[in-house]
Ligand code: AMP
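In my numbering, the protein residues as written are 19 to 374.
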């Protein structure tokens, strides 16, 4: 595709902090952004040229959105896949394509997809009844994790089954179709953020090492403690996924790293990712700029990392420390403009760079 000229409008489905940071990056390259969200007064709307507030099921509003923008992308993966289809039907160019969105929305489809590409995952089984759970647990063994197939994120919708007895009544407690996964005894959690252009060019950032608290990302550091072989495997997996989906834009894969350096894929996010926020100050091209470049047909930018990195999420009340962080010369402070600091809510982040 020929590159979109500056002055074009990029549509973003979703109004959260990822949309906000995409909008800021798009503005830097001379684009306008139109946000489509069902949330009034969203973090992204307040830095974007235009916002449409409507339901993702409102096809008339989606068609209006499609007319106003030259390309549409998404900033959270739970956008109903038929909203993306409705946009395509209304003539919009959608990147990444809805197939990536549909696969990433279902943990069973996602893990099956990884396996078809030769990418290892924990053992898993689809669970649609207590009997299916009992049978799968007998095969996979405890400890294991029961997760909802759809609409789970940041550790929500998960039940840990440490012993076979914990499975009693667990399907009813989950309350939705699920997936049982064998517990992976990993040494660390790793993510790779990669991008692909319409021309098939692929580019990846250095591996990120991630720490979670209560299922939510709390800290990312680079360089990750992973050998060159592990890094090569992660890059190869990302390339396979991007190519298999004919993907355009930034995509993230989260892995568990095993004691021998092997990688087991946990999930993918068809979008920019929290573990890539460090790229704003820490790489020659941020993940947000890279995504905008990819979906507008611009050349991908260099992903070179400029320093060692620590990125800390500000969750809930952590953001109340803004005045102290603002006075800390080592802290690059980002606040997402969310009105109330509910527990578990991502309010901002801080990146620190150490030059070696
Ligand atoms: P998820 O929502 O799948 O990203 O899971 C949230 C967190 O739970 C992960 O970041 C891991 O720390 C942990 N976790 C999820 N699945 C597994 C697994 N199969 N084995 C071990 N830990 C897991």
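Cβ atoms here follow ideal geometry from the backbone N, Cα and C, with glycine treated the same way. Since the model is a prediction, treat every value here as computed from it, not as a measurement.
query, result
"Helix, strand or coil for residue 131? Go by DSSP, reduced to three states.", "helix"
"What does DSSP give as the partner residue(s) for residue 226 in the beta ladder?", "209"
"Have a look at residue 151 and residue 143 and give me their C-alpha separation to the nearest angstrom.", "8 Å"
"So for residue 290, helix, strand or coil by DSSP?", "coil"
"Could you give the residue range of the alpha helix (DSSP H) that holds residue 105?", "99 to 107"
"Which residue comes first and which comes last in the alpha helix (DSSP H) that contains residue 39?", "35 to 46"
"Going by alpha carbons, who is nearest to residue 335 out of 313, 364, 327?", "364"
"Is residue 374 helix, strand or coil by DSSP?", "coil"
"Report the three-state DSSP secondary structure of residue 115 (helix, strand or coil).", "coil"
"In angstroms, rounded to a whole number, what distance separates the CA positions of residue 54 and residue 63?", "9 Å"
"Please confirm whether any heavy atom of the ligand AMP lies closer than 7 Å to the CB of residue 163.", "yes"
"Kindly provide the ranges of any beta strand (DSSP E) runs that are 3 or more residues long and lie completely inside the segment 173 to 200, ordered along the chain.", "176 to 179, 196 to 200"
"Between which two residues does the alpha helix (DSSP H) holding residue 375 run?", "Because the chain is modelled from 19 through 374, residue 375 falls outside the range shown and cannot be assessed."
"Considering residue 274, what are the terminal residues of the beta strand (DSSP E) in which it resides?", "267 to 275"
"Can we count residue 233 as close to the ligand AMP, meaning its CB is less than 7 Å from some heavy atom?", "yes"
"For a test of your reading of the model: does the CB of residue 195 fall under 7 Å from any non-hydrogen atom of the ligand AMP? Yes or no.", "no"
"Do the CB positions of residue 211 and residue 123 come within less than 8 Å of each other?", "no"
"If distances are taken between C-alpha atoms only, which option among 345, 347, 331, 350 comes closest to residue 361?", "331"
"If I measure Cβ to Cβ from residue 216 and keep anything under 7 Å in the same chain, skipping five residues before and after, which residues do I get?", "19, 266, 315"
"For a quick check, are the C-beta atoms of residue 230 and residue 40 less than 8 Å apart?", "no"
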